[in-house]
Amino acid sequence: MVTKRADIAVIGAGVVGCAVAKRLSETQPGKKIVVLEKLGGVGLETSSLNSGVLHSGIHQDPNFLKSKLAREGSKLAADHLKSRRLPVMHCGMLIAVSLESLRRGLYKEWLDLWRLVKRGKEQKINLKFLTSFGIKKIEPNIRALGGIFIPDVWVIDPTIFVNVLYQEARARGVDFFFESPVLSVAKNSDSYLLHTPDKEFSAKEVINSAGLYADEVAQMAGFGQYKIYPWRGEYYEVLGEKKNLVSRLVYPALPANYPGKGIHFSPRVDGRLFVGPNAKLVPRKNYYTEEKTPPEEFLKAVNRFCPQIKKEDLVWAYSGIRPKLTNSEESDFIIKLEYSYPHWINLIGIESPGLSSAIAIAKYVDKLL
Ligand SMILES: Cc1cc2nc3c(=O)[nH]c(=O)nc-3n(C[C@H](O)[C@H](O)[C@H](O)COP(=O)(O)OP(=O)(O)OC[C@H]3O[C@@H](n4cnc5c(N)ncnc54)[C@H](O)[C@@H]3O)c2cc1C
222 MVTKRADIAV IGAGVVGCAV AKRLSETQPG KKIVVLEKLG GVGLETSSLN
272 SGVLHSGIHQ DPNFLKSKLA REGSKLAADH LKSRRLPVMH CGMLIAVSLE
322 SLRRGLYKEW LDLWRLVKRG KEQKINLKFL TSFGIKKIEP NIRALGGIFI
372 PDVWVIDPTI FVNVLYQEAR ARGVDFFFES PVLSVAKNSD SYLLHTPDKE
422 FSAKEVINSA GLYADEVAQM AGFGQYKIYP WRGEYYEVLG EKKNLVSRLV
472 YPALPANYPG KGIHFSPRVD GRLFVGPNAK LVPRKNYYTE EKTPPEEFLK
522 AVNRFCPQIK KEDLVWAYSG IRPKLTNSEE SDFIIKLEYS YPHWINLIGI
572 ESPGLSSAIA IAKYVDKLL
């Protein structure tokens, strides 16, 4: 078997692995960096199966690393793409309280919104309160009692973003090996040996950014304490003219322990409109298309704000799977230097807002090293 030597090996070429490889190629010039990816290209799992939102951090606990990295990373990602003249939609995020909440006793949705406002204020996120009339002014087809608007939220094409990071890392000399799943790991006194089906890689520093499978890769290196719960989020696309009904991100206000941010209106840079994602614990990490959720759940969620959308306007589009660290409560990203020599860094539970945070995560990993 061929043995390839490297200074740094990154496992997984999702948005995080590509961002980390690119960053290290800039700050550690001269070091040989390899990225080992199980699939045939970059960003083919969760990194391309999401909403493409560069989040403000308002949904996260302000004490979490997640909220800080999302705030920092979103701005960096938007600037990065803009400076390369790639599509970035500066549409902002509306978090609204539905008219229906009046019938259900109002109190609960306002409390959920108020909790988000509190989180936003603690993080100094710029937001505006909007009345029902104020909402109609910016989104004429959205009916709501009121809500908040966060201007500094962007939508990007996640596939373009991952590919830019990949191309830039490659241009700086990073070697990517596709169809190269890491199957086992052996630790020596000064390096790790990573076994793939046809090669082995020896590296003094390893970054495990294997997304949904990061717990299994960590276990190969002797860190068996992590478990990832796969929570699927499905999307429906709004077809025909109705895709023009909503042009901004419109979210409901949900409790902090909800396993997602709620089914929202998710406009895309190419002019399409999606609704989703829901949140469902699934039996496997690759359970993308089995037992599709019928449209009624999505219709109910979007009709609270936009009754014009009908069942026949919706078609099931795709799903992504969240690598969650818990089954119920909120949890933070785990970004941990497990061994100081040879270095092994685990990145586990990089669920939303992982896309937003990618460039900031890469800076954080660089500092850890
Ligand atoms: C429904 C949904 C919506 C989301 N919406 C947003 C959003 O709007 N904004 C946001 O900021 N975030 C969002 N996220 C989260 C975001 O998509 C993720 O946080 C981010 O993509 C994680 O990137 P990653 O590189 O860590 O993981 P991944 O993209 O999963 O990449 C990991 C890579 O590792 C590879 N791999 C796995 N095992 C091995 C192995 N043994 N050997 C080699 N390679 C391996 C995989 O093939 C994969 O390519 C959403 C997630 C979901 C599921």
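Counting along the sequence shown from 1, when you hit position 312 you're at 533 in the numbering used here, and nothing is skipped either side. By construction, the Cβ of each residue, glycine as well, lies at the ideal position given by its N, Cα and C atoms. Being a predicted model, the structure only gives us computed values, none of them experimental.
#### Entry: Helix, strand or coil at D228 according to DSSP, with G and I counted as helix
Reduced to three states, the DSSP call for D228 is strand.
### Task
For E330, verify whether its CB is less than 7 Å away from any heavy atom of ligand 1.
Because no heavy atom of ligand 1 lies under 7 Å away, the Cβ of E330 does not count as near it: no.
### Task
State the beta-bridge partners of F398 as determined by DSSP.
L257.
#### Entry: N429 (DSSP reduced to helix, strand or coil)
DSSP places N429 in strand when its eight states are reduced to three.
### Query
What separation, rounded to the nearest whole angstrom, lies between the Cα atoms of L535 and Y456?
Between L535 and Y456, the C-alpha separation is close to 10 Å.
### Task
May I ask which residues mark the beginning and end of the alpha helix (DSSP H) holding I582?
G575 to L589 is the span of the alpha helix (DSSP H), which, as asked, contains I582.
### Message
When you compare the stretch 300 to 316 with the stretch 456 to 466, are there three or more beta-carbon pairs, one atom per stretch, that lie closer than 8 Å?
### Response
Contact between the stretch 300 to 316 and the stretch 456 to 466 is absent, because fewer than three Cβ pairs lie under 8 Å.
### Residue range of the beta strand (DSSP E) that includes M314
Taken as a continuous stretch (DSSP letters only), the beta strand (DSSP E) holding M314 covers M314 to V318.
### Task
List in chain order: all unbroken beta strand (DSSP E) runs of 3+ residues lying wholly within the stretch 350 to 391.
Fully contained in the stretch 350 to 391 are the following beta strand (DSSP E) runs of length 3 or more, in chain order: 367 to 371 and 375 to 377.
### Task
Taking L236 as the reference, give the member of W452, K339 and Q388 with the closest Cα.
Note on identity: in this sequence residue 236 is Val, with Leu being the wrong assignment. Considering only W452, K339 and Q388, the residue with the shortest C-alpha distance to V236 is Q388.
### Message
If I measure Cβ to Cβ from A291 and keep anything under 6 Å in the same chain, skipping five residues before and after, which residues do I get?
### Response
Same-chain partners within the cutoff: H276, G278, P574, S577 and S578.
### Query
Cβ-heavy atom distance between T514 and ligand 1 below 7 Å?
Result no, Cβ not under 7 Å from ligand 1.
### Message
Can you tell me whether I542 sits near ligand 1, meaning its C-beta is under 7 Å from at least one heavy atom of the ligand?
### Response
Relative to ligand 1, the beta carbon of I542 is positioned inside 7 Å of a heavy atom.
### Task
Excluding the 5 residues preceding and the 5 following A581 in the sequence, name in chain order all residues of the same chain whose CB lies nearer than 6 Å to its CB.
So the list reads L290, E293 and G294, once near-sequence residues are dropped.
### Query
Short check: CB of P480 to CB of K545, under 8 Å?
Yes, Cβ-Cβ distance for P480 and K545 is below 8 Å.
### Task
Please classify P515: is it buried, with 16 or more other beta-carbons within 10 angstroms of its beta-carbon, or exposed?
Flag for P515 reads exposed.
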